[in-house]
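Working notes for the structure below.
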Amino acid sequence: MAWQVGTGQGPPPVEPTTVSPQAASGPHCLWISGWLVQRLAHHVVVLRHSAELPQPLLELARAQAGVLSRAQLLTGSLSTRQIGRASVHWRRLARGVYWVTPTFEQPGLHTLVWAGVLAGGDDARAGGLSAARLDGLAEPQLIWSAVNPVCGEDVVIFVPRPRHPRPQPGFAFVRERAGERLASRAAEPPRTRIEDTVIDLCAADRAPDELLSWLTRACQRRLTTPSRLLRRLEHRHRIPGRDVIAEILHDVALGVTSNLEHRALREVLTPHCLPAFELQAPNNRRQRVDVLFRRYRVIVELDGRIGHVGEGAFRDMMRDNAHIVSGYATLRFGWNDVVTRPCAVAAQIGQLLKLAGWDGEITPCRHCRSGSSTG
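Each residue of the sequence shown is one higher than the one before, starting from -18 at the first, in this note's numbering.
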């Protein structure tokens, strides 16, 4: 039985092993032993110097992920000489900013952001991808460029104009106008509000697929809503591609959750004037379907580029069978269908709707009239 810490049980007895004197004293073992001794000794010294900090500074360090600025240390009654002596055992993350409780690992996201905020000065805060990581919009892993300049990532810190922070390795300081972005209601470290973070990321990466990815992810993870993003967008000036962002947000509000659904809405459903439909609609089996023409009991499922092979394809078949048993007809289209021949897809949907009782007509789109859509 494996022994676990905190179970109240002691470790299992260790069987005695025989190690040859040559193996125990080999150069590799000696090197590892020496390295471990040095690291442990350094860690003990760091802990001792951290423990010597006044209690208010220790509490402040805990609140700031172990990071303190020189100004905070001086305010906390440490002298310049004391700081100089102790800083030898701390880790300097930025000019005048120290990680006073370092571990064997590299500094984490919160530690790095706090270092950037303290280096940026009063009213500095995280923004861009760094703020997105803090709020769970982007993955929290962060490889600091000061440690790995090849694949690392700078910590993005917004500072108020007209301040000009000195460049620091691993940090990207961005000047912003007063009132340009709202402050986050989230816990510290300070960051931009999630709506401003999303808009900034969309403005920086204007590819439609990337815009949709940021916008849908923020809403699906319940970090914000399309209406809040639209309201915030109205108050943000000088946002490149704002019309495209607003257009995509309106689609997200309708229920679009993927690039394929966005393509289907913009190139199949809307331009061909198909009858009223719902996106991501619940059916009578308490599952959601991609497109539902409820009045005509017609379902359209859109299969992305992943997740619909192997077991995924079997689940799709079972869902389609269940829909038929419940009285719903299902059409299923893939990425290639929607992207390369949207007019043919619309025509097939229209034919099934007519069989189900629709008395309307498909409106030819500009691709239909020009013959540019194949199929």
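We put the CB at the ideal spot given by N, CA and C, even for glycine. For clarity, every value in this text was computed on a predicted model and none was experimentally measured.
Are the beta-carbon atoms of C200 and L192 separated by less than 7 Å?
Looking up residue 200 in the sequence shown gives position 219. Looking up residue 192 in the sequence shown gives position 211. Taking C-beta atoms as the reference points, C200 and L192 fail to come closer than 7 Å.
Buried versus exposed, by CB contacts within 10 Å (16 or more), N129:
Here residue 129 corresponds to residue number 148 of the sequence shown, with the count starting at 1. Exposed, because fewer than 16 other Cβ atoms sit within 10 Å of the Cβ of N129.
DSSP three-state assignment for E161, whether helix, strand or coil
For the purposes of this step, residue 161 is taken as the residue at position 180 of the sequence shown. Residue state for E161 is assigned as coil, using DSSP reduced to three classes.
H23, buried or exposed, once every other Cβ within 10 Å from all chains shown has been counted against 16
Taking the sequence shown and counting its residues from 1, one reaches residue 23 at position 42. Confidence at H23 is low in this model, with a pLDDT of 45, below 50, so its placement is unreliable and the value that follows should be read with caution. H23 comes out exposed.
Look at T311 and D301 and say whether their C-beta atoms are less than 7 Å apart.
Walking along the sequence shown from the start, residue 311 turns up at place 330. Walking along the sequence shown from the start, residue 301 turns up at place 320. Yes, these two residues count as a Cβ contact at 7 Å.
My assumption, with CB atoms under 8 Å, is that F274 sits in contact with P263. Please give the rounded CB distance.
Counted from its first residue, the sequence shown places residue 274 at position 293. Counted from its first residue, the sequence shown places residue 263 at position 282. About 14 Å separates the two Cβ atoms, so there is no contact after all.
What separation, rounded to the nearest whole angstrom, lies between the Cα atoms of S60 and G109?
In the sequence shown, residue 60 corresponds to position 79, counting from 1. In the sequence shown, residue 109 corresponds to position 128, counting from 1. Going from the Cα of S60 to the Cα of G109 covers about 36 Å.
Given this structure, state the Cα-to-Cα distance separating E242 from D271, to the nearest angstrom.
For the purposes of this step, residue 242 is taken as the residue at position 261 of the sequence shown. For the purposes of this step, residue 271 is taken as the residue at position 290 of the sequence shown. If I take the Cα positions, the gap works out to 8 Å.
Taking the alpha carbon of R202 as the point to measure from, which residue in G222, T344, A325, R114 has its own alpha carbon closest?
For the purposes of this step, residue 202 is identified with residue 221 of the sequence shown, where counting begins at 1. Considering only alpha carbons, the answer is R114.
Between E86 and the rest of its own chain, which residues show a CB-CB distance below 7 Å, the 5 nearest in sequence each way excluded?
Within the sequence shown, numbered from 1, the residue matching residue 86 stands at position 105. Result list for E86: empty, nothing under 7 Å.
Alpha-carbon to alpha-carbon, V279 and A337
For the purposes of this step, residue 337 is taken as the residue at position 356 of the sequence shown. For the purposes of this step, residue 279 is taken as the residue at position 298 of the sequence shown. The alpha-carbon atoms of A337 and V279 are separated by roughly 8 Å.
Given this structure, state the Cα-to-Cα distance separating P121 from S68, to the nearest angstrom.
Here residue 121 refers to the residue found at position 140 of the sequence shown. Here residue 68 refers to the residue found at position 87 of the sequence shown. So the two alpha carbons sit approximately 29 Å from each other.
Using a Cβ-Cβ cutoff of less than 6 Å, which residues in the same chain neighbour E259 once the five nearest sequence positions on both sides are dropped?
Working through the sequence shown from its first residue, we reach residue 259 at position 278. When the five nearest sequence neighbours on each side are left out, the beta carbons in the same chain lying within less than 6 Å of the beta carbon of E259 are those of L273, in order along the chain.
The beta strand (DSSP E) with T311 in it runs from where to where?
As a working mapping, residue 311 is identified with position 330 in the sequence shown. Run containing T311: 310 to 315, per the beta strand (DSSP E) assignment.
So, helix, strand or coil for I138, using DSSP?
Numbered from 1 along the sequence shown, position 157 holds the residue referred to as residue 138. In this structure, DSSP gives I138 an extended state, which the three-state scheme calls strand.
Exposed or buried, C132, counting other C-beta atoms within 10 Å across all chains shown (16 or more means buried)?
As a working mapping, residue 132 is identified with position 151 in the sequence shown. It counts as exposed.
L93 versus P170, A52, E157, R166, residue with shortest Cα-Cα distance
Position 112 of the sequence shown, counted from the first residue, corresponds to residue 93. Relative to L93, the option among P170, A52, E157, R166 whose CA is nearest is P170.
Short check: CB of F152 to CB of D177, under 7 Å?
Locating residue 152 in the sequence shown gives position 171, where the first residue counts as 1. Locating residue 177 in the sequence shown gives position 196, where the first residue counts as 1. Contact flag unset, no.
With a cut-off of 8 Å on the beta carbons, I'd call T197 and T238 a contact; round off their distance for me.
For the purposes of this step, residue 197 is identified with residue 216 of the sequence shown, where counting begins at 1. For the purposes of this step, residue 238 is identified with residue 257 of the sequence shown, where counting begins at 1. By a beta-carbon distance limit of 8 Å, T197 contacts T238. Their separation comes to about 5 Å.
Closest Cα partner of H91 within the set R213, R174, L123, S194
In the sequence shown, counting from the first residue as 1, residue 91 sits at position 110. Comparing C-alpha distances from H91 to each of R213, R174, L123, S194 shows the shortest one belongs to L123.
Suppose you measure from the CA of A119 to the CA of P252; what does that come to, to the nearest Å?
As a working mapping, residue 119 is identified with position 138 in the sequence shown. As a working mapping, residue 252 is identified with position 271 in the sequence shown. Approximately 34 Å between the Cα atoms of the pair.
Report all residues from its chain with a CB closer than 7 Å to the CB of L211; omit the five preceding and five following residues, and keep chain order.
Locating residue 211 in the sequence shown gives position 230, counting from the first residue. Scanning its chain for C-beta atoms nearer than 7 Å, with the 5 sequence neighbours on each side dropped, one finds around L211 the residues A227, L230, in chain order.
Spatial neighbours of T344 within its chain, please: CB distance less than 8 Å, with the 5 preceding and 5 following residues excluded, ordered by chain position.
Here residue 344 refers to the residue found at position 363 of the sequence shown. Non-local beta-carbon contacts of T344 in its own chain, meaning distances under 8 Å to residues more than five positions away in sequence, involve P252, H253, C254 in chain order.
With a threshold of 16 other CB atoms inside 10 Å of the CB of E248, please say whether the residue is buried or exposed.
Here residue 248 refers to the residue found at position 267 when the sequence shown is read from its first residue. Classification of E248: buried, given that the 10 Å Cβ count is 16 or more.
Pick helix, strand or coil for A184, following the three-state DSSP scheme.
Position 203 of the sequence shown, counting from 1, holds the residue named residue 184. Correct three-state label for A184: helix.
Verify whether the separation of the beta carbon atoms of A127 and A100 is less than 7 Å.
Residue mapping note: residue 127 aligns to position 146 of the sequence shown, counting from 1. Residue mapping note: residue 100 aligns to position 119 of the sequence shown, counting from 1. Result no, Cβ atoms of A127 and A100 do not sit closer than 7 Å.
Secondary structure at I124, three-state DSSP: helix, strand or coil?
In the sequence shown, residue 124 corresponds to position 143, counting from 1. Coil.
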